[in-house]
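Colleague:
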DNA sequence: ATCGGCCCATGACAGTTGTCACGGGGTCCG
DNA sequence: CGGACCCCGTGACAACTGTCATGGGCCGAT
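Residue numbers (this note's numbering), protein chains in the order written: chain A, 11 to 215; chain B, 11 to 215.
1. Helix, strand or coil for residue 165/A per DSSP?
2. Can you tell me which of the three DSSP states residue 199/B falls into?
3. Quick one: any contact between the segment 164–176 of chain A and the segment 192–205 of chain A, if contact means 3 or more CB pairs under 8 Å?
4. Between which two residues does the alpha helix (DSSP H) containing residue 27/A stretch?
5. Return the chain-ordered list of same chain residues with a C-beta closer than 8 Å to the C-beta of residue 75/A, the five sequence neighbours on each side being excluded.
6. Three or more C-beta pairs closer than 8 Å, one from the segment 130–143 of chain B and one from the segment 173–186 of chain B: is that the case here?
7. So, with DSSP's three-state summary, where would you put residue 46/A?
8. For the segment 63–82 of chain B, which residues have a CB atom closer than 7 Å to at least one CB atom of chain A, in sequence order?
9. Touch check for the segment 38–45 of chain A and the segment 84–93 of chain A: three-plus C-beta pairs under 8 Å?
10. Assign residue 39/A to buried or exposed, taking buried as 16 or more other Cβ atoms, counted over all protein chains shown, within 10 Å of its Cβ.
11. When burial is assigned at 16 or more other CB atoms within 10 Å of the CB, is residue 180/A buried or exposed?
12. Since residue 143/A contacts residue 104/A with CB under 8 Å, what's their CB separation in whole angstroms?
13. Would residue 104/A count as contacting chain B if we go by Cβ distances under 9 Å?
14. What's the gap between the Cα of residue 188/A and the Cα of residue 156/B?
15. Give me the chain A residues within the contact set of residue 187/B, using Cβ-Cβ distance strictly less than 8 Å, ordered along the chain.
16. For the putative contact between residue 93/A and residue 132/A, defined by C-beta atoms under 8 Å, what is the C-beta separation to the nearest angstrom?
17. Just to confirm, are residue 25/A and residue 29/B a CB contact at a threshold of 9 Å?
18. Tell me which residues of the segment 118–130 of chain A have at least one Cβ-Cβ distance to chain B shorter than 7 Å, keeping chain order.
19. Would you call the CB atoms of residue 17/B and residue 66/B closer than 9 Å?
20. Determine the direct distance from the alpha carbon of residue 152/A to that of residue 196/A, and round the result to whole angstroms.
21. I'd like to know whether the C-beta of residue 4/A is nearer than 9 Å to at least one C-beta of chain B.
22. DSSP state of residue 96/A, grouped into three classes?
23. For the segment 161–193 of chain A, enumerate the residues whose C-beta is nearer than 9 Å to any C-beta of chain B, in chain order.
24. Going by alpha carbons, who is nearest to residue 96/A out of 125/A, 85/A and 111/A?
25. Within its chain, find whatever has a CB closer than 7 Å to the CB of residue 32/B; leave out the 5 residues flanking it on each side and keep chain order.
26. With DSSP as the reference, label residue 104/A as helix, strand or coil.
27. Could you pull out every residue in the same chain whose Cβ sits closer than 7 Å to the Cβ of residue 110/B, ignoring the five residues on either side in sequence?
28. Which one or two residues does DSSP pair with residue 20/B in a beta bridge?
29. Count the other CB atoms, across all protein chains shown, that sit within 10 Å of the CB of residue 115/B; report buried if there are 16 or more and exposed otherwise.
30. Would residue 39/B pass as an interface residue toward chain A - the criterion being a Cβ-Cβ separation below 9 Å?
31. By Cβ distance, which residues of its chain are closer than 6 Å to residue 147/A, with the 5 residues on each side in sequence left out?
32. Would you call residue 184/A buried or exposed, if buried means 16 or more other Cβ atoms sit within 10 Å of its Cβ?
33. Mind listing which residues of the segment 195–210 of chain B have their C-beta closer than 8 Å to chain A's C-betas, in chain order?
34. Any idea which residues DSSP pairs residue 139/B with across the strands?
35. Grab me the residues of residue 192/A's own chain with a C-beta within less than 7 Å of its C-beta, minus the 5 sequence neighbours each way, in chain order.
36. Could you give the first and the last residue of the continuous alpha helix (DSSP H) run that contains residue 74/B?
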């Protein structure tokens, strides 16, 4: 908390939110927002260029989402701490974040004052995870879906009939129905649509 | 822009966003955020108590959503300007907002600086509507769905089978299927799930 | 009072969906 | 090598879904 301020990068696709969070952080004397992005694309370059200490990333972003960007950043810049700030407190997101080496995970429901505190914590090498979500994530278990099942469910999200899904994935209709059936069973749903929303809400995509 | 600052109320269910927007607005010398809510409930009372000039409302909120709150406020406090600030730029939302007598509608994608400007505009009696969205709203046409059809589609959003929807709405399964069929035809979908997402994305709920 | 709209319901039909059993193909691991 | 797991596919069956025709009741507008 002495000497140079913490150099922060802020990535969120909603400009107004980005501006708000930046205003919030700039109130703190020991934190300085030196770079803003509207996507995860180009994160590593920006981190290198601006000498970023902490990268604050939203998850839902176009092109490259926050979790993918975090994973990529870990490869090239493991010394830069990552703090995920997201709307959706989904257990699967937290799990993926942990696997990506993220040091903090905060949902946008939490009080504004805690944001700066989380930044300080991850910068100091500590962690900053939403406790409720952490518990939920640990109890929720692994993502049981296979790659194909996830693809099929993603296509089913918008209500497409089997034939369209099959065409989109270059599969036989029968195969698609088999994958759907397997997925439905794994998430304990009774309909493809139900299975799709359940999987989405759990962050299993 | 002289004398007393504009007295603003801020309603958003995400505490961190609320704090960010408040920080943003407090940077302006002629604007003062004097009250914050996490829901549309109790809006009229808060407006009366704090002598609010401009109420900034999010749409997606628990209990009472921003559009319903705006409509209710119009009844009791027509002198208080309402500015909607939302994530989702759906044409149906803007239409409902206009019907509720809202004076401004801004999506969170727009640059942060424009928020304060929008507040000043609606306070001055002018309007502040996202131009792209306004055009889309005018060209999109009215919501063609009946009340029942909307209810049924809302239930269908999570993928429930007909029997569950019927039970939830105290209807015969056959009736539910009729309503679904009508709705599917109106939104030009081919599946209930598809119809549900289309209707949702248009703000027809 | 007649028309139109919305609501509710029933029955019947073709098409789709969910499930199962079964086959084949790969890979990775003990 | 056999086994486990994933992938792809087929065929068949019961259940569900989307559509249509048809009927009734309740409004509000013409």
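All residues carry an ideal CB built from backbone N, CA and C; glycine is no exception.
Modeller: The answer reads as follows:
1. Taking the first residue of the first chain as 1, we reach residue 165/A at position 155. In this structure, residue 165/A counts as helix in the three-state DSSP scheme.
2. Numbered from its first residue, the second chain carries residue 199/B at position 189. Coil.
3. Remark: three or more beta-carbon pairs, one from each stretch, lie closer than 8 Å, so the segment 164–176 of chain A and the segment 192–205 of chain A are flagged as touching.
4. Residue numbering aside, residue 27/A sits at position 17 when the first chain is read from its first letter. Start and end: 25–36.
5. Counting from 1 along the first chain, the entry for residue 75/A is found at position 65. Excluding sequence neighbours, residue 75/A sits near 50 and 69.
6. Cβ pair count under 8 Å is below three, so no.
7. Within the first chain, numbered from 1, the residue matching residue 46/A stands at position 36. Assignment of residue 46/A by DSSP, reduced to helix, strand and coil, places it in the strand class.
8. Per Cβ criterion, the list is empty.
9. At 8 Å Cβ cutoff, the stretches do not touch.
10. Counted from its first residue, the first chain places residue 39/A at position 29. Exposed is the call here.
11. Here residue 180/A refers to the residue found at position 170 of the first chain. When all chains shown are included, residue 180/A counts as exposed.
12. To locate residue 143/A, count along the first chain from 1; it is residue 133. To locate residue 104/A, count along the first chain from 1; it is residue 94. At roughly 5 Å, the Cβ-Cβ gap stays under 8 Å, so residue 143/A and residue 104/A are in contact.
13. Within the first chain, numbered from 1, the residue matching residue 104/A stands at position 94. Chain B contact via Cβ: absent.
14. By one-based count along the first chain, residue 188/A stands at place 178. By one-based count along the second chain, residue 156/B stands at place 146. Looking at the two C-alpha atoms, the distance is approximately 37 Å.
15. Taking the second chain and counting its residues from 1, the one referred to as residue 187/B is at position 177. Per Cβ cutoff of 8 Å: no residues; residue 187/B is ~15 Å from chain A at best.
16. The residue given as residue 93/A occupies position 83 in the first chain. The residue given as residue 132/A occupies position 122 in the first chain. That belief holds up - the Cβ atoms of residue 93/A and residue 132/A are roughly 5 Å apart, short of 8 Å.
17. Here residue 25/A corresponds to residue number 15 of the first chain, with the count starting at 1. Here residue 29/B corresponds to residue number 19 of the second chain, with the count starting at 1. No; because the gap between Cβ atoms is not below 9 Å, this pair is not in contact.
18. Those would be 118, 119, 120, 121, 122 and 125, in chain order.
19. As a first step, residue 17/B is located in the second chain; it is residue number 7 there, counting from the start. As a first step, residue 66/B is located in the second chain; it is residue number 56 there, counting from the start. No, the pair does not count as a contact, with Cβ atoms beyond the cut-off.
20. Locating residue 196/A in the first chain gives position 186, counting from the first residue. Locating residue 152/A in the first chain gives position 142, counting from the first residue. Across the structure, residue 196/A and residue 152/A are spaced so that their CA atoms are roughly 12 Å apart.
21. Look at the range of chain A in this structure, 11 to 215, and you will see that residue 4/A is not part of it.
22. Position 86 of the first chain holds residue 96/A. Here residue 96/A carries a strand assignment [DSSP, helix/strand/coil].
23. Listed by position along the chain: 166, 167, 168, 169, 170 and 171.
24. As a first step, residue 96/A must be located in the first chain, where it is residue number 86. Nearest C-alpha to residue 96/A: 125/A.
25. Your numbering for residue 32/B matches position 22 in the second chain. Result list for residue 32/B: 20, 43 and 46, in chain order.
26. The residue you call residue 104/A lines up with position 94 of the first chain. The three-state secondary structure of residue 104/A, taken from DSSP, is helix.
27. As a working mapping, residue 110/B is identified with position 100 in the second chain. Cβ within range, chain order: 77, 80, 81 and 84.
28. On the second chain, residue 20/B is found 10 positions in, with the first residue counted as 1. In the DSSP output, where bridge partners are listed per residue, residue 20/B has 46/B and 66/B.
29. Looking up residue 115/B in the second chain gives position 105. Classification for residue 115/B: buried.
30. Here the question's residue 39/B lines up with position 29 in the second chain. Chain A has no Cβ within less than 9 Å of the Cβ of residue 39/B.
31. Numbered from 1 along the first chain, position 137 holds the residue referred to as residue 147/A. Cβ neighbours of residue 147/A beyond the five flanking positions: 101, 104 and 105.
32. Position 174 of the first chain, counted from the start, is the residue given in the question as residue 184/A. By the 10 Å Cβ count, residue 184/A comes out exposed.
33. For the segment 195–210 of chain B, which is checked against every Cβ of chain A, the residues closer than 8 Å are 199, 200, 201, 202, 203, 204, 205, 206 and 207.
34. Position 129 of the second chain, counting from 1, holds the residue named residue 139/B. For residue 139/B, which the question treats as bridged, DSSP gives the partners 115/B.
35. Along the first chain, read from residue 1 onward, the residue named residue 192/A stands at position 182. Closer than 7 Å at Cβ, skipping near neighbours: 159.
36. Against the second chain, residue 74/B aligns to sequence position 64. Taken as a continuous stretch (DSSP letters only), residue 74/B belongs to no alpha helix (DSSP H), as it is neither H nor E.
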